[in-house]
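All residue numbers for the sequence shown refer to this note's numbering, where the first residue is -15 and numbers rise by one. The structure appears right after this line, and notes come after that.
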Amino acid sequence: MIEKYSKVLTKIQEADGIVIGASNGLSISEGIHIFADNSSFREHFGDFREKYSFHSIIQGCFYHYPSQEEKWAFFSRMYDYFLYKTEASPVMKNLYELVKDKNYFVVTSNIDDHFRQAGFPKERLFEVEGNCRNLQCVNGCHNQIYPGDDILSKMAQKQENGEVPPALIPKCSQCDSPMQVHLEVDRHFLKGESWQASYQAYQGFIENVHGKRLVLLELGVGARNQLIKAPFMNLTNREENATYITLNKGRELYIPDVISAKSIGIDGDIAEVLQQLVYMK
Ligand SMILES: [Zn+2]
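What follows is the structure, encoded as structure tokens:
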């Protein structure tokens, strides 16, 4: 096992570029499970669970609320739940420590914005499905994403009986409709200027490391994931000097035969694995 860790560290050290791909499993290692009806969900969202009979944060994101006041009560609560701690988790701190001096880029479907919290700059981050702190017009009438921190934290504080005060509901400056959180929950999700810029930065990064020593570091991405895992596997296959490193638990750890010679898989708790890697660095 130690040998495997050393190999991972050497690959990271020698890499000309590192692409980090992260999904739900990374959040779970931080203690956030958006698909689970666990004690944390019941503690923080129990009133919503009872009122609407949904059983996870992700169901809450897709729920059709009877009113804007109720909808924003949920989304501001979620914002608060993800970001109320100003300090990054040990998991994210370790990840940052591992790559901070390297040439890296992050692609993630996580919506909690914990990468930025840990110090990863926005320019090196592609949040494919948006994040919980930005806003867009509910109709997507214009292609602009807005920071929502101030209004979201205010709504999180001021909600009562599952509703926020109507006066706090953010309105679109163009069409006067309500805003909504910039998450891929419906067909109006904006892939506007800022989304495109991040996407282009991601593509640009991959083009720049073409032929060089590339490490694809995949964290908690499910075995059947098409959004992040499939492109990572293709890239590993295509790039001669690529190494695919995947951290996951049990059945979710999957390396196809075609790239197995270029791959390192570590089966375990991501939090512990990252801690060990930083310790050995
Ligand atoms: Zn609008």
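Positions of the beta carbon are idealized from the N, C-alpha and C atoms, including for glycine. Small disclaimer: the values here were computed from a predicted structure and weren't measured.
Which one or two residues does DSSP pair with residue 109 in a beta bridge?
Indexing the sequence shown from 1 puts residue 109 at position 125. Answer is 90.
Are residue 154 and residue 135 touching if we call contact CB-CB under 7 Å?
On the sequence shown, residue 154 is found 170 positions in, with the first residue counted as 1. On the sequence shown, residue 135 is found 151 positions in, with the first residue counted as 1. Cβ distance < 7 Å, so residue 154 and residue 135 count as in contact.
Distance, Cα to Cα, residue 133 vs residue 117?
Looking up residue 133 in the sequence shown gives position 149. Looking up residue 117 in the sequence shown gives position 133. Answer to the nearest angstrom: the Cα atoms are 6 Å apart.
Is residue 123 near ligand 1, with its Cβ less than 6 Å from a heavy atom?
Taking the sequence shown and counting its residues from 1, one reaches residue 123 at position 139. Indeed, a heavy atom of ligand 1 lies less than 6 Å from the Cβ.
Would the beta-carbon of residue 10 fall within 7 Å of that of residue 152?
What you label residue 10 is simply residue 26 of the sequence shown in a count that begins at 1. What you label residue 152 is simply residue 168 of the sequence shown in a count that begins at 1. With a cutoff of 7 Å on beta-carbon distance, residue 10 and residue 152 are scored as not near each other.
Report yes or no: do the region 81 to 90 and the region -11 to -1 share at least 3 C-beta pairs separated by less than 8 Å?
yes
Nearest-angstrom Cα separation, counted from residue 209 out to residue 92
Working through the sequence shown from its first residue, we reach residue 92 at position 108. Working through the sequence shown from its first residue, we reach residue 209 at position 225. Cα to Cα, the separation comes out at about 12 Å.
Name, in chain order, the residues that DSSP records as bridge partners for residue 261.
Indexing the sequence shown from 1 puts residue 261 at position 277. Per DSSP, none; premise fails for residue 261.
For residue 235, which option in 245, 222, 206 and 255 has the closest C-alpha, if you only look at C-alpha atoms?
The count along the sequence shown starts at 1 and reaches residue 235 at position 251. Nearest of 245, 222, 206 and 255 to residue 235, Cα basis: 206.
Could you tell me the alpha carbon to alpha carbon distance between residue 186 and residue 31, rounded to whole angstroms?
Here residue 186 refers to the residue found at position 202 of the sequence shown. Here residue 31 refers to the residue found at position 47 of the sequence shown. Roughly 40 Å between the two C-alpha positions.
Straight-line gap, residue 332 to residue 160 (C-alpha atoms, nearest Å):
Limits of the chain in this structure are -15 at one end and 265 at the other, which puts residue 332 out of reach.
Taking 6 Å as the cut-off, does the CB of residue 159 come closer than this to any heavy atom belonging to ligand 1?
Position 175 of the sequence shown, counting from 1, holds the residue named residue 159. Indeed, a heavy atom of ligand 1 lies less than 6 Å from the Cβ.
Please classify residue 51: is it buried, with 16 or more other beta-carbons within 10 angstroms of its beta-carbon, or exposed?
Indexing the sequence shown from 1 puts residue 51 at position 67. Label assigned to residue 51: exposed.
Between residue 116 and ligand 1, is the CB less than 6 Å from at least one heavy atom?
Within the sequence shown, numbered from 1, the residue matching residue 116 stands at position 132. False, no ligand heavy atom lies under 6 Å from that Cβ.
What did DSSP end up calling residue 215 once you bin it into helix, strand or coil?
Numbered from its first residue, the sequence shown carries residue 215 at position 231. Residue 215: helix per DSSP, three-state reduction.
What are the partner residues of residue 251, as DSSP defines its beta bridges?
Against the sequence shown, residue 251 aligns to sequence position 267. Answer by DSSP bridge pairing, in chain order: 232.
Per-residue DSSP class, three states only, for residue -15
For the purposes of this step, residue -15 is identified with residue 1 of the sequence shown, where counting begins at 1. Coil, per DSSP.
CB residue 1 to CB residue 193, shorter than 7 Å?
Translated into the one-based positions of the sequence shown, residue 1 becomes position 17. Translated into the one-based positions of the sequence shown, residue 193 becomes position 209. Against a cut-off of 7 Å, the Cβ pair of residue 193 and residue 1 comes out as a contact.
Inter-residue Cα distance where the pair is residue 36 and residue 48
Numbered from its first residue, the sequence shown carries residue 36 at position 52. Numbered from its first residue, the sequence shown carries residue 48 at position 64. Straight across, the Cα-Cα distance linking residue 36 with residue 48 is about 10 Å.
Which residues DSSP lists as bridging residue 226, in chain order:
Along the sequence shown, one-based indexing puts residue 226 at 242. Residue 226 pairs with 198.
To the nearest angstrom, how far is the alpha carbon of residue 142 from that of residue 60?
Taking the sequence shown and counting its residues from 1, one reaches residue 142 at position 158. Taking the sequence shown and counting its residues from 1, one reaches residue 60 at position 76. Approximately 10 Å between the Cα atoms of the pair.
Using DSSP's beta-bridge definition, name the partner residues of residue 75.
Taking the first residue of the sequence shown as position 1, residue 75 is located at position 91. Beta-bridge pairing links residue 75 to no other residue.
Under 8 Å by Cβ, that's how I've got residue 73 and residue 253 pegged, so tell me the actual separation to the nearest angstrom.
Sequence index remark: in the sequence shown, residue 73 carries index 89 (1-based). Sequence index remark: in the sequence shown, residue 253 carries index 269 (1-based). In fact, because the Cβ distance is near 13 Å, the residues do not count as touching under 8 Å.
First and last residue of the uninterrupted beta strand (DSSP E) at residue 61:
Looking up residue 61 in the sequence shown gives position 77. Unbroken run through residue 61 is the alpha helix (DSSP H), 52 to 67; no beta strand (DSSP E).
Taking 7 Å as the cut-off, decide whether the C-beta atoms of residue 110 and residue 182 are in contact.
Residue 110 sits at position 126 when you count from the first residue of the sequence shown. Residue 182 sits at position 198 when you count from the first residue of the sequence shown. Yes. Within cutoff.
Heavy atom of ligand 1 within 6 Å of residue 45 beta-carbon
As a first step, residue 45 must be located in the sequence shown, where it is residue number 61. Every heavy atom of ligand 1 is 6 Å or more from the Cβ of residue 45, so no.
Own chain, CB closer than 7 Å to residue 150, minus 5 neighbours either side, in chain order
If you number the sequence shown from 1, residue 150 lands on position 166. Same-chain partners within the cutoff: 53.
Contact belief for residue 90 with residue 4 at Cβ below 8 Å, rounded distance in angstroms
The count along the sequence shown starts at 1 and reaches residue 90 at position 106. The count along the sequence shown starts at 1 and reaches residue 4 at position 20. So it is a contact: roughly 5 Å between Cβ atoms.
Could you pull the DSSP bridge partners for residue 118 from this structure?
In the sequence shown, the residue the question calls residue 118 occupies position 134. Beta-bridge pairing links residue 118 to 131.
Could you pull the DSSP bridge partners for residue -8 from this structure?
Translated into positions along the sequence shown, residue -8 becomes position 8. According to DSSP, which records beta bridges pairwise, residue -8 is partnered with nothing at all.
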